[in-house]
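Asker: Chain order of the listed sequences is A and B.
Residue 1 is where the first sequence starts when you use the UniProt record's numbering, and the numbers rise one by one after that.
Residue 1 is where the second sequence starts when you use the UniProt record's numbering, and the numbers rise one by one after that.
Even for Gly, the Cβ is constructed at its ideal location relative to N, Cα and C.
Before I ask anything, here is the structure I am working with.
Number of protein chains: 2
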Amino acid sequence: MANLNSSEDIDYGILDTLVGYKLRRAQVNIFNDFSEHCSRFGITPGLFGVLSIVERNPGLTQTAIANALGNDRSAMVSVVDRLESMNIVERKPSASDRRSHALFLTPHGEIFYKELVAEVLKHEASFTSLLNEGEKPLIIDMLDRIANHKPAKQ
Amino acid sequence: MANLNSSEDIDYGILDTLVGYKLRRAQVNIFNDFSEHCSRFGITPGLFGVLSIVERNPGLTQTAIANALGNDRSAMVSVVDRLESMNIVERKPSASDRRSHALFLTPHGEIFYKELVAEVLKHEASFTSLLNEGEKPLIIDMLDRIANHKPAKQ
DNA sequence: TTAAATTATTTACATTCTTAACAATTTTAA
DNA sequence: TTAAAATTGTTAAGAATGTAAATAATTTAA
Numbered sequence: 001m002a003n004l005n006s007s008e009d010i011d012y013g014i015l016d017t018l019v020g021y022k023l024r025r026a027q028v029n030i031f032n033d034f035s036e037h038c039s040r041f042g043i044t045p046g047l048f049g050v051l052s053i054v055e056r057n058p059g060l061t062q063t064a065i066a067n068a069l070g071n072d073r074s075a076m077v078s079v080v081d082r083l084e085s086m087n088i089v090e091r092k093p094s095a096s097d098r099r100s101h102a103l104f105l106t107p108h109g110e111i112f113y114k115e116l117v118a119e120v121l122k123h124e125a126s127f128t129s130l131l132n133e134g135e136k137p138l139i140i141d142m143l144d145r146i147a148n149h150k151p152a153k154q
Numbered sequence: 001m002a003n004l005n006s007s008e009d010i011d012y013g014i015l016d017t018l019v020g021y022k023l024r025r026a027q028v029n030i031f032n033d034f035s036e037h038c039s040r041f042g043i044t045p046g047l048f049g050v051l052s053i054v055e056r057n058p059g060l061t062q063t064a065i066a067n068a069l070g071n072d073r074s075a076m077v078s079v080v081d082r083l084e085s086m087n088i089v090e091r092k093p094s095a096s097d098r099r100s101h102a103l104f105l106t107p108h109g110e111i112f113y114k115e116l117v118a119e120v121l122k123h124e125a126s127f128t129s130l131l132n133e134g135e136k137p138l139i140i141d142m143l144d145r146i147a148n149h150k151p152a153k154q
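Spelled out as structure tokens, the structure:
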């Protein structure tokens with residue numbers, strides 16, 4: 001039975017040639033799967049990014065982490081509040097600058113993060129299996145180029 | 001002078017190996033540039049997607065367009081309202097189904113869309129220049145695989 | 001012909017992102 | 001040394017986006 005107006009019949013026109021559009025569709029799908037995998041941890045992709053930076057760079061300030069992730073520092077407040085309320089991260093007063101907070105994983109956070117990473121790697125493997133030999137480093141390299149491109153203001 | 005805590009000094013750990021994280025960073029950057037290019041048109045990436053589908057598939061219903069773009073049909077209402085208020089798109093009563101609206105570009109919308117596409121292609125060329133021979137079709141193919149991947153629920 | 005499904009729509013809500021402002025503190029420059 | 005400028009975390013407000021549930025009108029299926 002022909003299903004009129006099913007998505008197979010749709011002409012996507014220029015969208016099918018735009019890297020930005022394809023990036024968006026891919027990103028939404030992989031983020032949804034990430035969220036499903038990590039829902040039992042109560043962790044979103046954004047929270048995972050913060051945790052990963054804190055784990056590898058203990059003692060960084062909120063602003064430094066925001067900059068590393070391309071976020072605004074004001075958005076860090078509620079994120080860190082949330083991670084603190086989950087007893088995963090703690091703010092400690094910075095020795096050198098009394099304005100800023102140094103962030104660390106709590107002992108429980110260290111264990112939590114290890115289990116979380118195991119789940120994230122399952123998710124990643126599911127998507128990496130779609131890529132042929134050599135394609136993963138290549139797509140990551142291309143994505144880095146796109147992420148770091150700063151076109152001149154016209 | 002050594003700049004402590006500058007982003008070059010940060011260890012991204014697992015993030016540097018996650019396709020989802022890299023996708024996110026690339027997508028945000030390319031969408032921001034898209035938005036800058038199209039701000040004088042008042043068009044966001046989301047609105048451009050709808051316009052592109054309407055232009056190539058005149059007469060489609062709102063629900064069909066939402067499905068094509070992976071959006072919820074309730075989100076289409078305000079989008080179409082906005083495009084109608086800009087005199088770019090018009091809702092016409094469907095001949096076959098009095099519940100639904102068929103969407104078309106207005107005469108002005110046709111001209112508008114052509115100018116818009118010219119600007120979008122400038123934006124696209126800026127990013128495509130980052131890719132070597134053969135890399136654009138390859139990344140689009142990989143992104144399609146990632147976008148269409150439906151992992152089995154565990 | 002009745003029951004079930006679909007369409008566009010509205011409403012509400014949660015997220016996320018931006019922007020601007022603020023007090024406390026640090027840095028820079030006179 | 002001191003005054004001005006910049007930075008930090010924070011709060012608050014607003015825009016954008018996505019999701020979920022409900023509704024009336026209409027169509028489809030039993």
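Using a 10 Å radius around the Cβ and a threshold of 16 neighbouring Cβ atoms, would you call A118 of chain B buried or exposed?
Answerer: That one is exposed.
Asker: Is K114 of chain B close to chain A? Criterion is C-beta to C-beta, closer than 9 angstroms.
Answerer: It does not: the Cβ of K114 of chain B has no partner Cβ on chain A nearer than 9 angstroms.
Asker: F127 of chain A and I43 of chain A: beta carbons closer than 9 angstroms?
Answerer: Going by C-beta atoms, F127 of chain A is not nearer than 9 angstroms to I43 of chain A.
Asker: Just the chain B side, please: which residues come within less than 7 angstroms of P151 of chain A by C-beta, in chain order?
Answerer: In chain order: D33 and S126.
Asker: Just mark V79 of chain B as buried or exposed, buried being the case when its beta carbon has 16 or more other beta carbons within 10 Å.
Answerer: Burial call: buried.
Asker: Determine which residues of the segment 133-145 of chain A have a Cβ less than 8 angstroms from any Cβ of chain B, and write them out in chain order.
Answerer: Going along the segment 133-145 of chain A in chain order, one finds E135, K136, L138, I139, I140, M142, L143, D144 and R145 with a Cβ nearer than 8 angstroms to chain B.
Asker: Starting from residue 156 of chain B, follow the alpha helix (DSSP H) in both directions and report where the run begins and ends.
Answerer: Summary: the structure shown does not reach residue 156 of chain B, with chain B confined to residues 1 through 154, and so no result is reported for it.
Asker: Report yes or no: is there a C-beta of chain B within less than 9 angstroms of the C-beta of G49 of chain A?
Answerer: Chain B, which has a Cβ nearer than 9 angstroms to the Cβ of G49 of chain A, makes this yes.
Asker: How big is the Cα-Cα spacing for N5 of chain A and K22 of chain A?
Answerer: Any reading at N5 of chain A must be qualified, since the residue scores a pLDDT of 38, below 50, and its modelled position is unreliable; the value itself is stated next. Roughly 21 angstroms separates the two Cα atoms.
Asker: Determine the extent of the beta strand (DSSP E) in which H101 of chain B is found, giving its start and end residues.
Answerer: H101 of chain B -> beta strand (DSSP E) spans H101 to L105.
Asker: Do the segment 104-124 of chain A and the segment 64-72 of chain A meet, that is, are 3 or more Cβ pairs less than 8 angstroms apart?
Answerer: These segments do not touch.
Asker: Between G46 of chain A and L103 of chain A, is the Cβ-Cβ spacing less than 9 angstroms?
Answerer: Their beta carbons are not under 9 angstroms apart, which means G46 of chain A does not touch L103 of chain A by this criterion.
Asker: Starting from T61 of chain B, follow its DSSP beta bridges and name the residues at the other end.
Answerer: In DSSP, T61 of chain B forms a bridge with B:A102.
Asker: Which ranges would you report for the alpha helix (DSSP H) in the segment 14-73 of chain B if only whole runs of at least 4 residues count?
Answerer: Here the runs fully enclosed are 19-38, 45-56 and 62-69.
Asker: K22 of chain A touches chain B at which residues, Cβ-Cβ below 8 angstroms?
Answerer: I139, I140, L143, D144 and A147, listed in chain order.
Asker: So, under 8 angstroms CB-CB, I53 of chain A and A26 of chain B are touching, yes? Tell me the CB distance rounded to an integer number of Å.
Answerer: Wrong, their Cβ atoms sit about 18 angstroms apart, outside the cutoff.
Asker: What's the gap between the Cα of S100 of chain B and the Cα of S94 of chain B?
Answerer: In a straight line, the C-alpha of S100 of chain B is about 6 angstroms away from that of S94 of chain B.
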